[in-house]
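Q: Next up is a structure, given as structure tokens.
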Amino acid sequence: MTDRPERIDDDVIVCRCEDVTLGDIRRLIANGYHTIDEIKRISRAGMGQCQGRTCRHLIARELATALGVSVEEVEMPTFRPPTRPVLLSTIARGEGDE
Amino acid sequence: MSKKSADIVVIGGGVVGCATAFELARLGCKDIVLVERNTIASGSTGRCGAGVRQQFGTELNCVLARESVRIFEQMDEYLDYKPGVEFRQSGYLMLAYSDSQWEQFRRNVKLERSLDIDVEMLTPEGAREIVPFLNLEGMVGATFCQTDGHANPFHTAFAYAQAAKRLGAEVLTHTSVVDIEVENNRIKAVVTDKGRIETSAVVNCAGAYSAKIAAMAGIDLPVWGERHQILITEPVEAMMGPMVISFHHDFYCQQTPHGSFIMGIGMPGEPKSFNIHSSVDFLEGMAKTVMKILPPLGNLRVVRQWAGLYDRSPDAQPILGECPPVERFYNANGFSGHGFMVAPIVGRAMAELIMLGKPSVDISKLDAGRFERGELVLEPAVVG
Amino acid sequence: MNLLKEVDIAVIGAGPAGLAAALACAEAGASTLLIDANDVPGGQLVKQTHKFFGSERQHAGTRGIQIPELFAKKLVEHPNVETMWDTTASGYYDSGELVVEDGKRFIKILPKRLIVSTGASERFVLFENNDLPGVYGAGAVQTLMNVYGVVPGDRVLMVGSGNIGLIVSYQLIQAGVDVAAVIEAAPCIGGYLVHAAKLRRAGVPILTSHTIVAAHGEECVTGATIAKVDEKWQAIPGTECEIECDVICLAVGLMPLVDILWQAGCEMKYVPELGGHVPVRDDNMRTSNPNVYVAGDSGGVEEASSAMITGEIAGISAAESLGLKAPEADARLAQLKADLAAIRSGPAGEKICAGVCRATVCGGVWE
Amino acid sequence: MGRFTGGLRPSKVRLKDHPILDFSAGQEVAFTFDGKKLKGIDGEPIAAALHANGVRVLRHSPVSGRARGFFCAIGNCSSCLMTVDGVPNVRVCTEPLREGMVVETQKGHGQLPID
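Chains as they are written, first to last, in my numbering: chain A, 1 to 98; chain B, 1 to 384; chain C, 1 to 367; chain D, 1 to 115.
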């Protein structure tokens, strides 16, 4: 992993579920990971319980500045069910109350 | 598009494509181009359960798996990959729920041990010593192989891709193949949406889309997409070592190094398709099945469900090697759900076949011609 | 196996938009299911103690908390409406099935049409130690204080001077909590000056062109560092200043909650004027997925009065797409669209109009 | 702009008299937090009850051990995951408090009960 000049806010937390910092994201972008999906897969940012609700926008903005594009052009990963974590026992119980 | 010509074009940026590109470069092939229409590991590789096992019922699959495990064991050094591919040998526990299944397991273990794969036969109580909260109801016995395990599919594919690039291969992502020019059975060029690459050789690692690629070269390849659904839970402290598999329930489940559980079940009647949407029926079936076999996991929360495609072949075995009548059109697809675990050895065998004419592992029985010859390879130990 | 509950229209989210949409569907004769993750209707409204702004027609002047009661009474009595509280919309699948769960039960529903009115949630700000306990979104502070009557802390630094930042600061003062300052990165105050004036009278400094640089504290917030910013909102070294506080409340804007719209495969677009990614829609609030409509803040962050209108428009349109119409529906629809244009015509509406225009399919109608 | 000073007044925890809202006290319940006996209101989120008892650190992030607490309040993030009655990763910002609940801070990802 090549490095790049440190910046003051490098150790700010971007992904709270997996403790990924802004510095981590910048290093990955500098090493050629130019999509949110790739950054998610290699750093786990966006794979936590909140499924990227907080970090995906912050990563998109960082990518937009680094690649010199508008945030609109950054491809956003989709959301998949469930919208919030749900117990396997609740799924298995279904309608029933037992 | 900087590249106009190449000695060989590898189509598909999954783990099989990346491994093949690396092994070709390692054997001295100079001008390699790998084309991937999306990003590395964005297809089935990035969606699979990423288990690595050696417990199979045919010699061919056992050998392929055994050789792959040996490569996985040294992979971080072999590919000089600092972040690590997270390969962990916590074993596979295969559960048998009928006498006929138990007999089949016994035969498999005899074969596996003859190929020095160390597998134990366990009573249900023996299985519970490995997974204390296993529900033994209806279980006849289990087999366990400690050297089976699990790796991170993203890091594995990225590791191979980066190593290939370091040896001079060119990896072109966001580049889709639209045509393959063939003249009297010789490949002239691969045409992509970013430009034309002159080449005389192609390796078809396009997974579930391999038939579409083969058709561009005039080849009718019996490989199709078959959706398989999967889910991941939130992480908890380590509590389950091995991957637990039950063919009887069409079920697999594994706790990853990160602490979350990955699990899936086969859904009967899944049509041939490229559909990777999720379904509610999968969630319900999965929850009921996992709570029957591993009851305490009922207290785990599902965080995400998704789906990927098996690249199915008629006998659920890989299709490897050249594909006459077209010269130097090589297939490495049809893995039917086992691509990740055999990718390391398949990449090497394909490179050896292409560069040296003879792979170090005999893959001749897995050629595409076997279907016309009626020589299917039947493997009993497969999850649906 | 679970039985599948069939219904004409399911409405997800019982805030101002969802309440208006559900009522419109019911009055058009559609069997309507209204779902909300909270145990009471009203969404963000429940947390508002301030008088309601917006046009007279939309219950302006009534306190936020009373508004849901008006709707709730009408809805609960309506024979076409069924409500499910404490219930989260968990998944919407390409089979058209909607799965909802309340932590105990997991229920499958098959709505012919879906209206998504899930509102918006806090945007987050990047600063050092922004994950310390004591750093709260404004919604979290309102929930704690206005819904559960628990004081968030002793001394609050409010980040953001939009309406929410100003109103929550005033609500903190109403609850006897000290507000150290309100800071705003832009050169001017974001919200209505009537709210800003109330704060100034209460002695709260409002510092424009300031941003937060860091939060301090080992295990909890004990203070913050703020600094002046240049025109590109970058902190100017040397202008740092320490603030003693035990709560940092983030009110820098809202982002539409659009998970279900992504799951429904709706065409999404990034529209900063509306708060982030929103579904492309037509003039009747229908998204690119013909079975899915959007209403309220999840289609773009505006105010509660616009949310009630887009809710009713979505309700009338969704019912009409099933051949169900209340008397005078066309006249009502025209009136609503006029009201919406009126609300958006004000000075603050310029930005919103530009955003809505970019988020609307060209010509306002899907082919 | 000079330094902002002014000491932190002891926090008035529960709002009793509020100009607009009335918080007619709900049913009081007892629960334990890491073994300590605490009081709360039946049905309010566990996080609100903890907050009213001065507890603001709800967990430490599993990767780098950073303190985390109440944050989004709508059950969308992972800041308030605690073990409640033996079940880990419960979102206490939305989980209603009930009489006799056993609330514990989690070590790392939380232990799944396997008895």
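A virtual CB, placed ideally from N, CA and C, is assigned to each residue, including glycine.
This one's a predicted model, so the numbers in the text were calculated from it and none came from an experiment.
Taking Lys-351 (chain C) as part of the beta strand (DSSP E), name the residues at either end of that continuous run.
A: Taking the first residue of the third sequence as position 1, residue 351 (chain C) is located at position 351. Taken as a continuous stretch (DSSP letters only), Lys-351 (chain C) belongs to no beta strand (DSSP E), being part of the alpha helix (DSSP H) at 349-359.
Q: Which bits of chain C does His-34 (chain A) rub up against, with CB to CB less than 9 Å?
A: Here residue 34 (chain A) refers to the residue found at position 34 of the first sequence. Per Cβ cutoff of 9 Å: no residues; His-34 (chain A) is ~17 Å from chain C at best.
Q: For Asn-146 (chain C), count the other beta carbons within 10 Å of its own beta carbon; 16 or more makes it buried, fewer makes it exposed. Which is it?
A: Counted from its first residue, the third sequence places residue 146 (chain C) at position 146. Under this definition Asn-146 (chain C) is a buried residue.
Q: Under 8 Å, Cβ to Cβ, is there at least one residue of chain E near Glu-101 (chain C)?
A: This model lacks chain E altogether; the protein chains it does include are A, B, C and D.
Q: From Leu-126 (chain C) to Pro-82 (chain A), what distance separates their C-alpha atoms?
A: Residue numbering aside, residue 126 (chain C) sits at position 126 when the third sequence is read from its first letter. Residue numbering aside, residue 82 (chain A) sits at position 82 when the first sequence is read from its first letter. Going by the C-alpha atoms only, they are around 27 Å apart.
Q: Starting from Thr-50 (chain A), follow its DSSP beta bridges and name the residues at the other end.
A: Within the first sequence, numbered from 1, the residue matching residue 50 (chain A) stands at position 50. The sequence shown places Cys at residue 50 (chain A), not Thr. Answer is none; Cys-50 (chain A) lacks a bridge partner.
Q: Run through the DSSP bridge pairs and tell me what Asp-311 (chain B) is partnered with.
A: In the second sequence, the residue the question calls residue 311 (chain B) occupies position 311. In DSSP, Asp-311 (chain B) forms a bridge with B:Gly-225.
Q: Under the three-state reduction of DSSP, which class applies to Thr-35 (chain A): helix, strand or coil?
A: Position 35 of the first sequence, counted from the first residue, corresponds to residue 35 (chain A). Three-state result, Thr-35 (chain A): coil.
Q: Take Gln-263 (chain C) and list the residues in its own chain whose beta-carbon comes closer than 6 Å to its own, dropping the five residues that flank it on each side.
A: In the third sequence, residue 263 (chain C) corresponds to position 263, counting from 1. Once the five neighbours on either side are set aside, the close Cβ partners of Gln-263 (chain C) are Tyr-92.
Q: Tell me the residue span of the alpha helix (DSSP H) that contains Val-385 (chain B).
A: No answer is possible for residue 385 (chain B): it lies beyond the span of chain B, which begins at 1 and ends at 384.
Q: Applying a beta-carbon distance threshold of less than 8 Å, which residues of chain B neighbour Asp-94 (chain C)?
A: Looking up residue 94 (chain C) in the third sequence gives position 94. What Asp-94 (chain C) touches in chain B: His-277.
Q: Is there a Cβ of chain A sitting closer than 8 Å to that of Arg-66 (chain D), yes or no?
A: In the fourth sequence, residue 66 (chain D) corresponds to position 66, counting from 1. Yes - at least one Cβ of chain A is within 8 Å of the one on Arg-66 (chain D).
Q: Give the secondary structure of Glu-120 (chain B) by DSSP, where H, G and I count as helix, E and B as strand, and everything else as coil.
A: Taking the first residue of the second sequence as position 1, residue 120 (chain B) is located at position 120. DSSP places Glu-120 (chain B) in strand when its eight states are reduced to three.
Q: Residues in its own chain within less than 8 Å of Glu-125 (chain B) by CB, not counting five upstream and five downstream?
A: Numbered from its first residue, the second sequence carries residue 125 (chain B) at position 125. Closer than 8 Å at the Cβ level, and outside the excluded window around Glu-125 (chain B), lie Leu-136.
Q: Just to confirm before moving on: does the CB-CB distance between Ile-59 (chain A) and Ile-36 (chain A) stay below 8 Å?
A: As a first step, residue 59 (chain A) must be located in the first sequence, where it is residue number 59. As a first step, residue 36 (chain A) must be located in the first sequence, where it is residue number 36. Closer than 8 Å, so yes.
Q: Rounded to whole angstroms, what's the CA-CA distance from Ser-34 (chain D) to Ala-142 (chain B)? Just pull it up for me.
A: For the purposes of this step, residue 34 (chain D) is taken as the residue at position 34 of the fourth sequence. For the purposes of this step, residue 142 (chain B) is taken as the residue at position 142 of the second sequence. In the sequence as displayed, the identity of residue 34 (chain D) is Asp instead of Ser. If you take the alpha carbons of Asp-34 (chain D) and Ala-142 (chain B), they lie about 41 Å apart.
Q: What are the complete beta strand (DSSP E) segments, minimum 3 residues, inside the stretch 286-313 of chain C?
A: Correct list: 292-294.
Q: Of all the options D:Ala-67, D:Leu-50, D:Val-63 and D:Arg-14, which has the alpha carbon lying nearest to the alpha carbon of Val-102 (chain D)?
A: Numbered from 1 along the fourth sequence, position 102 holds the residue referred to as residue 102 (chain D). The shortest C-alpha separation from Val-102 (chain D) is found at D:Leu-50.
Q: From B:Ala-307, B:Pro-295 and B:Ile-262, pick the residue whose C-alpha is nearest to that of Asn-275 (chain B); which is it?
A: Looking up residue 275 (chain B) in the second sequence gives position 275. Comparing Cα-Cα distances from Asn-275 (chain B) to each of B:Ala-307, B:Pro-295 and B:Ile-262, the minimum goes to B:Ala-307.
Q: Who are Ala-72 (chain C)'s beta bridge partners in DSSP?
A: Your numbering for residue 72 (chain C) matches position 72 in the third sequence. Ala-72 (chain C) pairs with nothing; no bridge assigned.
Q: Just curious, the beta strand (DSSP E) that Phe-87 (chain B) is in, first and last residue?
A: Position 87 of the second sequence, counted from the start, is the residue given in the question as residue 87 (chain B). No beta strand (DSSP E) contains Phe-87 (chain B), which DSSP labels as neither H nor E.
Q: Check whether the Cβ atoms of Ile-187 (chain B) and Val-202 (chain B) sit closer than 8 Å, and answer yes or no.
A: As a position in the second sequence, residue 187 (chain B) is number 187, starting the count at 1. As a position in the second sequence, residue 202 (chain B) is number 202, starting the count at 1. Taking 8 Å as the Cβ cut-off, Ile-187 (chain B) and Val-202 (chain B) qualify as a contacting pair.
Q: Whole angstroms are fine: how far does the CA of Ile-40 (chain B) sit from the CA of Phe-158 (chain B)?
A: Here residue 158 (chain B) refers to the residue found at position 158 of the second sequence. Here residue 40 (chain B) refers to the residue found at position 40 of the second sequence. Those two C-alpha atoms are separated by around 7 Å.
Q: With Gly-153 (chain C) as the anchor, note down where its alpha helix (DSSP H) starts and where it stops.
A: By 1-based counting over the third sequence, the position of residue 153 (chain C) is 153. Segment: none, Gly-153 (chain C) is in no alpha helix (DSSP H) and carries neither H nor E.
Q: Ala-120 (chain C) by DSSP, collapsed to three states: which one?
A: The sequence position of residue 120 (chain C) within the third sequence is 120, counting from 1. Note: Ala-120 (chain C) maps to strand in three-state DSSP.
Q: Please name the residues in the stretch 58-83 of chain D whose beta-carbon is closer than 8 Å to at least one beta-carbon of chain C, in chain order.
A: Per Cβ criterion, the list reads Leu-58, Ser-61, Arg-66, Ala-67, Arg-68, Gly-69, Phe-70, Phe-71, Cys-72, Ala-73, Ile-74, Gly-75, Asn-76 and Ser-79.
Q: How many angstroms separate the CA atom of Ala-96 (chain B) from the CA atom of Ala-127 (chain B)?
A: Along the second sequence, read from residue 1 onward, the residue named residue 96 (chain B) stands at position 96. Along the second sequence, read from residue 1 onward, the residue named residue 127 (chain B) stands at position 127. If you take the alpha carbons of Ala-96 (chain B) and Ala-127 (chain B), they lie about 11 Å apart.
Q: Ala-89 (chain C) by DSSP, collapsed to three states: which one?
A: Against the third sequence, residue 89 (chain C) aligns to sequence position 89. Strand, per DSSP.
Q: Return yes when the Cβ of Arg-56 (chain A) is within less than 8 Å of the Cβ of Gly-46 (chain A), no when it is not.
A: Along the first sequence, one-based indexing puts residue 46 (chain A) at 46. Along the first sequence, one-based indexing puts residue 56 (chain A) at 56. It is a contact, given that the beta carbons lie within the stated cut-off.
Q: Under three-state DSSP, which class holds Trp-306 (chain B)?
A: Position 306 of the second sequence, counted from the first residue, corresponds to residue 306 (chain B). DSSP places Trp-306 (chain B) in strand when its eight states are reduced to three.
Q: Are the stretch 63-81 of chain D and the stretch 15-24 of chain A in contact at 8 Å, needing three or more beta carbon pairs?
A: In short, these stretches touch, since the Cβ pair count reaches three.
Q: Going by DSSP, what residue range makes up the alpha helix (DSSP H) through Arg-344 (chain C)?
A: Position 344 of the third sequence holds residue 344 (chain C). Element bounds for Arg-344 (chain C): 329-345.
Q: One question on the structure: do Leu-97 (chain D) and Glu-28 (chain D) come within less than 8 Å of each other, judged by their Cβ atoms?
A: The count along the fourth sequence starts at 1 and reaches residue 97 (chain D) at position 97. The count along the fourth sequence starts at 1 and reaches residue 28 (chain D) at position 28. No, these two residues do not count as a Cβ contact at 8 Å.
Q: Rounded to a whole number of angstroms, what is the C-alpha to C-alpha distance between Lys-51 (chain C) and Val-252 (chain C)?
A: Stepping through the third sequence from its first residue, residue 51 (chain C) is reached at position 51. Stepping through the third sequence from its first residue, residue 252 (chain C) is reached at position 252. In this prediction, Lys-51 (chain C) has a pLDDT of 48, which is less than 50 and means its spatial position is unreliable; nothing more can be read from the coordinates.
Q: CA-CA distance, Glu-27 (chain C) and Val-74 (chain A)?
A: The residue you call residue 27 (chain C) lines up with position 27 of the third sequence. The residue you call residue 74 (chain A) lines up with position 74 of the first sequence. Taking the straight line from one Cα to the other gives about 42 Å.
Q: Mind checking Asp-99 (chain B): buried by the 16 CB within 10 Å criterion, or exposed?
A: Counting from 1 along the second sequence, the entry for residue 99 (chain B) is found at position 99. Classification of Asp-99 (chain B): exposed, given that the 10 Å Cβ count is below 16.
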